[in-house]
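**Student:** Got a structure for you, written out below as structure tokens; questions coming shortly.
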Amino acid sequence: MTSTAIVGAVQLADGSIDFNYQGVIDDFWRLTVDGLSYGAIYALVAVGYTLVYGVLRLINFAHSEIFMLGLFGQYVGLMLLGFSPSGDVYSQGIILTITYLALAMIFGMAVSGAAAVGLERVAYRPLRRRGAKPLIFLITAIGASFVIQEIVHFVLPKIWPSLGGTNAQKPIMLVEPTKQFSFGGADITNITIVIIVAAVILAIVTELLINQTKFGRGIRAVAQDPDTATLMGVSRERVIMLTFLIGGVLAGAAALLYALKIPNGIIYSGGFILGIKAFSAAVLGGIGNLRGALLGGLLLGLAENYGQILFGTEWRDVVAFVVLVLVLMIRPTGILGESLGKARA
Amino acid sequence: MHGVGDALRSWWGGLSRPAQWAVGIPAIIALALLPLFPPPFLDTPGTSFGGVMAQFAMYALLAIGLNVVVGQAGLLDLGYVGFYAVGAYTVGLLTSPNSPWNQTDGGWLSEDWAWLACLPLAAAVTAMSGLVLGTPTLRLRGDYLAIVTLGFGEIVRLLADNLGDVTNGSLGLSGIAYPQVGESAERPNGIFSSGNVGDADSANIFDKANAGTWWFWIGMVLVILTLLIVGNLERSRVGRAWVAIREDEDAAEVMGVPAFKFKLWAFTIGAAVGGLSGALYAGQVQFINPTGFNIINSMLFLCAVVIGGQGNKLGVIVGAFIIVYLPNRLLSVQAVGQTAVGWISLAFTVALVVALIVVWRRWARNQERPIKFGYLAAAAVSVIVMLVVLNNVLRFQAPGAQSLGDYKYLFFGITLMVLMIFKPQGLFPVRQKLLAYGRQVYQAVRKPFGDETIGANR
Numbered sequence: 026m027t028s029t030a031i032v033g034a035v036q037l038a039d040g041s042i043d044f045n046y047q048g049v050i051d052d053f054w055r056l057t058v059d060g061l062s063y064g065a066i067y068a069l070v071a072v073g074y075t076l077v078y079g080v081l082r083l084i085n086f087a088h089s090e091i092f093m094l095g096l097f098g099q100y101v102g103l104m105l106l107g108f109s110p111s112g113d114v115y116s117q118g119i120i121l122t123i124t125y126l127a128l129a130m131i132f133g134m135a136v137s138g139a140a141a142v143g144l145e146r147v148a149y150r151p152l153r154r155r156g157a158k159p160l161i162f163l164i165t166a167i168g169a170s171f172v173i174q175e176i177v178h179f180v181l182p183k184i185w186p187s188l189g190g191t192n193a194q195k196p197i198m199l200v201e202p203t204k205q206f207s208f209g210g211a212d213i214t215n216i217t218i219v220i221i222v223a224a225v226i227l228a229i230v231t232e233l234l235i236n237q238t239k240f241g242r243g244i245r246a247v248a249q250d251p252d253t254a255t256l257m258g259v260s261r262e263r264v265i266m267l268t269f270l271i272g273g274v275l276a277g278a279a280a281l282l283y284a285l286k287i288p289n290g291i292i293y294s295g296g297f298i299l300g301i302k303a304f305s306a307a308v309l310g311g312i313g314n315l316r317g318a319l320l321g322g323l324l325l326g327l328a329e330n331y332g333q334i335l336f337g338t339e340w341r342d343v344v345a346f347v348v349l350v351l352v353l354m355i356r357p358t359g360i361l362g363e364s365l366g367k368a369r370a
Numbered sequence: 025m026h027g028v029g030d031a032l033r034s035w036w037g038g039l040s041r042p043a044q045w046a047v048g049i050p051a052i053i054a055l056a057l058l059p060l061f062p063p064p065f066l067d068t069p070g071t072s073f074g075g076v077m078a079q080f081a082m083y084a085l086l087a088i089g090l091n092v093v094v095g096q097a098g099l100l101d102l103g104y105v106g107f108y109a110v111g112a113y114t115v116g117l118l119t120s121p122n123s124p125w126n127q128t129d130g131g132w133l134s135e136d137w138a139w140l141a142c143l144p145l146a147a148a149v150t151a152m153s154g155l156v157l158g159t160p161t162l163r164l165r166g167d168y169l170a171i172v173t174l175g176f177g178e179i180v181r182l183l184a185d186n187l188g189d190v191t192n193g194s195l196g197l198s199g200i201a202y203p204q205v206g207e208s209a210e211r212p213n214g215i216f217s218s219g220n221v222g223d224a225d226s227a228n229i230f231d232k233a234n235a236g237t238w239w240f241w242i243g244m245v246l247v248i249l250t251l252l253i254v255g256n257l258e259r260s261r262v263g264r265a266w267v268a269i270r271e272d273e274d275a276a277e278v279m280g281v282p283a284f285k286f287k288l289w290a291f292t293i294g295a296a297v298g299g300l301s302g303a304l305y306a307g308q309v310q311f312i313n314p315t316g317f318n319i320i321n322s323m324l325f326l327c328a329v330v331i332g333g334q335g336n337k338l339g340v341i342v343g344a345f346i347i348v349y350l351p352n353r354l355l356s357v358q359a360v361g362q363t364a365v366g367w368i369s370l371a372f373t374v375a376l377v378v379a380l381i382v383v384w385r386r387w388a389r390n391q392e393r394p395i396k397f398g399y400l401a402a403a404a405v406s407v408i409v410m411l412v413v414l415n416n417v418l419r420f421q422a423p424g425a426q427s428l429g430d431y432k433y434l435f436f437g438i439t440l441m442v443l444m445i446f447k448p449q450g451l452f453p454v455r456q457k458l459l460a461y462g463r464q465v466y467q468a469v470r471k472p473f474g475d476e477t478i479g480a481n482r
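Order-wise, the sequence lines are chains Y and S. Mapping to the numbering used here: the first sequence position 200 is 225, numbers consecutive. Mapping to the numbering used here: the second sequence position 393 is 417, numbers consecutive.
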């Protein structure tokens with residue numbers, strides 16, 4: 026038995042993984058740009074996890090489904106605007122395209138934001154009033170995540186026949202990926218530009234919102250010390266609602282960017298893996314820390330993209346999880362540490 | 025507050041040890057005979073009841089193992105399916121003809137008893153993997169531990185999927201060994217092969233049993249053995265250390281409990297039991313592929329533990345039964361059928377909604393400050409969802425559409441959410457007892473005053 030095991034192990038190391046260093050070096054800039062655009066999407070979703078964790082100490086497991094609802098939200102929005110899912114590319118002027126993209130993003134944000142606030146009200150608030158343990162929240166979140174997925178899977182097609190169901194939606198292509206310019210051997214497409222620009226703007230807006238406004242101060246206060254914050258006149262319920270709203274809205278925005286990047290990704294189970302990765306990104310940067318979530322998202326996107334060339338495409342998801350486990354081993358509170366409450370403007 | 029569970033518990037606790045055996049053994053025999061004589065309403069018309077019970081035994085084993093980790097030691101493990109997969113793949117890799125590790129054609133791995141020999145091997149390999157995962161990760165706490173274990177579960181599945189040269193990738197491993205005994209003219213591959221459909225008319229119960237029933241019996245033996253071992257552990261110093269760690273790790277450490285060591289123990293033992301269950305699964309199905317080991321299953325296992333009541337061994341077995349049985353029962357219920365079925369379903373739905381409202385109103389009356397809006401919204405949403413889901417029942421459409429089994433995860437999710445709001449401790453919450461000499465003290469204490477010889481009278 027030992028000999029067969031050794032044979033197996035040798036085959037394993039020999040055949041399944043070949044370390045393609047050269048590929049990473051040759052394609053470095055292309056991989057970096059692609060990794061950053063994935064990372065930007067992870068980062069936006071990760072903010073939702075990190076804000077809720079910072080304020081409530083709760084892993085909102087159903088956040089991946091909020092993101093998935095955002096995917097459908099922007100899709101329905103585009104259909105309401107008169108687009109039909111033909112799989113062909115609509116070529117319009119740049120102004121019109123950007124307008125439609127912005128409208129679709131608003132649809133996605135509205136659906137996700139509303140869903141996140143609704144989820145908080147229906148599922149978490151009753152638990153919070155009873156002072157439930159974290160495990161109870163987690164199980165409820167798992168339950169909620171099943172419910173949302175299955176509603177899109179089975180119930181939605183009964184109400185709107187072409188929507189939901191087992192198969193992915195036929196994409197509505199607003200933008201055709203075309204090369205705009207080259208950077209160090211990497212082709213920068215218009216989609217990459219849209220994703221990175223949108224993500225940067227949203228990240229800055231969120232940062233300003235948390236650090237400069239009165240609402241943001243409330244969120245930071247509750248994250249730091251809920252009881253004292255309540256004594257100082259901060260409405261905890263409002264802060265929590267706002268936290269879920271911001272997280273949901275950003276997930277909705279990320280959904281549009283994701284749909285641009287992966288047009289065939291609009292499916293009832295589409296949020297699951299992305300949700301796990303965004304959560305990993307949040308933990309990577311230090312859950313509860315806004316800048317950590319952004320950093321973690323970008324790093325995870327990059328690591329994944331280098332890793333998939335280094336080890337082979339099928340190892341992409343493995344790389345993400347191994348990076349997560351390694352970082353937690355070395356630095357259990359993530360790269361930047363847990364500090365939404367301590368973040369200073 | 026004394027419910028049925030408490031009454032049952034105090035009755036059981038009051039029996040003497042021989043009396044417990046006298047009640048327990050017939051109960052176990054009755055349970056073992058259940059798949060042969062399925063009660064009319066309990067039966068699963070869409071699928072073999074024996075097969076469902078076999079699956080139940082497998083999940084019960086998983087739930088007992090996970091209960092050690094989550095319920096006893098309080099370690100939140102979201103990647104338990106990883107251990108289940110390791111156990112299944114150990115058996116698969118050793119005995120499947122698809123595996124490059126099994127090149128002993130005609131050797132011991134293709135013998136009749138190969139599966140049985142692999143069973144302890146699978147448990148040992150899984151225990152090792154528990155040790156390997158636990159050693160670095162158990163220094164993390166709470167949510168961080170949860171996410172690392174989640175990552176581990178996913179890594180195991182992805183490894184199984186991607187190491188195509190060894191695990192045959194997404195095609196999976198087939199032809200896994202199973203106990204080849206009882207070959208006869210009617211059952212050329214033995215009583216455990218899936219070809220054994222049983223002889224429903226036979227008077228001999230061993231002829232009547234189909235393959236599922238036989239696997240259920242093996243599963244029951246494993247469950248009982250595991251219960252004995254785990255039960256003894258719980259009552260020992262190890263079990264008391266687990267409870268101490270679960271309640272307050274820092275306090276336990278201060279009081280001299282080496283928390284890390286006992287956490288690792290819990291993790292390893294839980295993993296070994298999970299691996300045993302995986303081996304059971306591999307043998308029964310004789311085919312494994314990575315899709316059977318995704319994270320959703322991990323969540324289901326955790327749900328079995330939480331629904332049943334963490335920390336309560338018998339409770340989690342009931343939880344496992346609910347998890348396995350309900351989807352299989354719903355599988356055979358057509359959402360669409362004759363008009364009569366539609367009317368019955370409609371009446372049932374209305375009754376259910378009325379009952380819900382009555383229960384809710386009674387509950388709200390007893391609250392100091394009823395939280396009206398949230399519950400009303402939750403109730404309204406679930407009623408709407410139910411009505412929409414059942415809309416084909418309501419419209420009495422022609423036959424041929426989905427069975428209610430398609431909606432199993434929907435109902436499941438709603439059940440979880442409602443249960444967590446109203447009964448977060450699970451259906452059978454554990455009661456803390458005096459652990460040392462628990463039974464003797466309990467019996468002495470619960471006897472009414474006056475008729476006993478403890479205390480000053482003596």
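Yeah, the Cβ is synthetic: ideal placement off N, Cα and C, and Gly gets one too. All figures in this text were calculated on a predicted structure; none of them were measured in a lab.
Report the three-state DSSP secondary structure of Y:Q205 (helix, strand or coil).
**Tutor:** In the structure shown, Y:Q205 sits in a strand (DSSP, three-state: E or B).
**Student:** Hey, Y:L76 and Y:I265: beta-carbon distance below 8 Å or not?
**Tutor:** Cβ atoms of Y:L76 and Y:I265: not closer than 8 Å.
**Student:** Report the rounded CA-to-CA distance for Y:I355 versus Y:G209, giving the unit in angstroms.
**Tutor:** Roughly 34 Å between the two C-alpha positions.
**Student:** Have a look at the DSSP bridge pairing and note the partners of Y:I213.
**Tutor:** According to DSSP, which records beta bridges pairwise, Y:I213 is partnered with Y:F206.
**Student:** Given Y:G296, which residues of its chain have a CB within under 6 Å of its CB, disregarding the five upstream and five downstream residues?
**Tutor:** Closer than 6 Å at Cβ, skipping near neighbours: S89, E90, F92 and M93.
**Student:** Do you know offhand how far Y:V136's Cα is from Y:D51's?
**Tutor:** So the two alpha carbons sit approximately 42 Å from each other.
**Student:** Residue range of the alpha helix (DSSP H) that Y:M130 falls in?
**Tutor:** It spans I119 to L144 - the alpha helix (DSSP H) in which Y:M130 sits, taken as one unbroken run.
**Student:** For Y:L144, which option in Y:G273, Y:T255, Y:A280 and Y:I312 has the closest C-alpha, if you only look at C-alpha atoms?
**Tutor:** Of the candidates Y:G273, Y:T255, Y:A280 and Y:I312, the one whose C-alpha sits nearest the C-alpha of Y:L144 is Y:G273.
**Student:** Would you kindly work out how many angstroms separate the C-alpha atoms of Y:G241 and Y:T268, rounded to a whole number?
**Tutor:** Taking the straight line joining both Cα atoms gives about 9 Å.
**Student:** What residues from the region 67–100 of chain Y come within 7 Å of chain S, judged by C-beta to C-beta, listed N to C?
**Tutor:** If the cut-off is 7 Å between Cβ atoms, the region 67–100 of chain Y has I84 near chain S.
**Student:** Closer than 7 Å, Cβ to Cβ, to anything on chain S: give me those residues from the region 191–203 of chain Y, in chain order.
**Tutor:** Those would be none; no residue qualifies.
**Student:** Note down, in chain order, each residue of its chain lying with its Cβ closer than 6 Å to the Cβ of Y:V352, except the 5 sequence neighbours on either side.
**Tutor:** So the list reads L309, once near-sequence residues are dropped.
**Student:** Considering Cα atoms alone, identify which of S:P59, S:T173, S:L140 and S:G48 is closest to S:V93.
**Tutor:** If we check each option's Cα against that of S:V93, S:T173 comes out closest.
**Student:** Check for me: the alpha helix (DSSP H) holding S:D185 runs from which residue to which?
**Tutor:** G166 to N186 is the extent of the alpha helix (DSSP H) around S:D185.
**Student:** Just curious, the alpha helix (DSSP H) that Y:Q47 is in, first and last residue?
**Tutor:** Looking at the DSSP string, the run of the alpha helix (DSSP H) that includes Y:Q47 is Y46 to D51.
**Student:** Let me check understanding here. Comparing Cα to Cα, which of S:R163, S:I331 and S:R261 lies closest to S:F452?
**Tutor:** Among S:R163, S:I331 and S:R261, the Cα nearest to that of S:F452 is on S:I331.
**Student:** Output yes or no for whether 8 Å exceeds the beta carbon distance between S:V320 and S:A84.
**Tutor:** As written in the sequence, residue 320 of chain S is Ile, which differs from the Val given in the question. Contact: no.
**Student:** Given that Y:F108 touches chain S, what residues does it touch there, using C-beta distances under 9 Å?
**Tutor:** Residues of chain S passing the Cβ test: none, with the nearest at roughly 27 Å.
**Student:** Less than 8 Å between the beta carbons of S:L326 and S:L102, yes or no?
**Tutor:** The answer is yes: Cβ separation under 8 Å.
**Student:** Say whether chain S places a C-beta atom closer than 8 Å to the C-beta of Y:V247.
**Tutor:** By this cut-off, Y:V247 is not an interface position.
**Student:** I'd like to check one pair, Y:G321 with Y:A169: are the Cβ atoms closer than 8 Å?
**Tutor:** Cβ atoms of Y:A169 and Y:G321: not closer than 8 Å.
**Student:** By Cβ distance, which residues of its chain are closer than 6 Å to S:V76, with the 5 residues on each side in sequence left out?
**Tutor:** The answer, listed in chain order, is T68 and N352.
**Student:** Have a look at the DSSP bridge pairing and note the partners of S:L197.
**Tutor:** Paired residue(s): S:I312.
**Student:** When the cut-off is 8 Å and only beta carbons count, does S:L174 lie next to chain Y?
**Tutor:** Answer yes: the Cβ-Cβ gap between S:L174 and chain Y drops below 8 Å somewhere.
**Student:** With C-beta atoms as the reference, is S:G243 less than 8 Å away from S:S72?
**Tutor:** Against a cut-off of 8 Å, the Cβ pair of S:S72 and S:G243 comes out as no contact.
**Student:** Please give me, in chain order, every unbroken run of the alpha helix (DSSP H) with length at least 4 that falls completely inside the region 213–265 of chain Y.
**Tutor:** Complete alpha helix (DSSP H) runs here, min 4: 215–237, 239–249 and 251–256.
**Student:** Determine the closest residue to S:G98 out of S:T159, S:A43 and S:D167, with distance taken between C-alpha atoms.
**Tutor:** Selected option, being the one with the closest Cα: S:D167.
**Student:** Closer than 8 Å is the cut-off here; do at least three beta carbon pairs connect the region 138–157 of chain S with the region 267–278 of chain S?
**Tutor:** They do not touch, by the three-pair rule.
**Student:** Where does S:V247 sit, in a helix, a strand or coil, going by DSSP?
**Tutor:** DSSP places S:V247 in helix when its eight states are reduced to three.
**Student:** I'd like to confirm something about Y:G311: is its beta-carbon nearer than 7 Å to some heavy atom of the ligand FMN, or not?
**Tutor:** The ligand FMN is not part of this structure, which contains no ligands at all.
**Student:** Is S:M279 helix, strand or coil when you go by DSSP?
**Tutor:** S:M279 falls in the coil class under three-state DSSP.
**Student:** Using a Cβ-Cβ distance under 8 Å, would Y:V177 count as near chain S?
**Tutor:** For Y:V177, the answer is no, since every Cβ of chain S falls outside 8 Å of its Cβ.
**Student:** Could you tell me the alpha carbon to alpha carbon distance between S:P160 and Y:M104, rounded to whole angstroms?
**Tutor:** Near 50 Å, if we compare the C-alpha coordinates of Y:M104 and S:P160.
**Student:** So if DSSP puts Y:M198 in a beta bridge, which residue, or which two residues, is it bridged to?
**Tutor:** DSSP, once it has assigned bridges, lists Y:V114 as partnering Y:M198.
**Student:** Determine the direct distance from the alpha carbon of Y:I197 to that of Y:Y100, and round the result to whole angstroms.
**Tutor:** Near 7 Å, if we compare the C-alpha coordinates of Y:I197 and Y:Y100.
**Student:** On the three-state DSSP scale, how would you describe S:E207?
**Tutor:** Coil.
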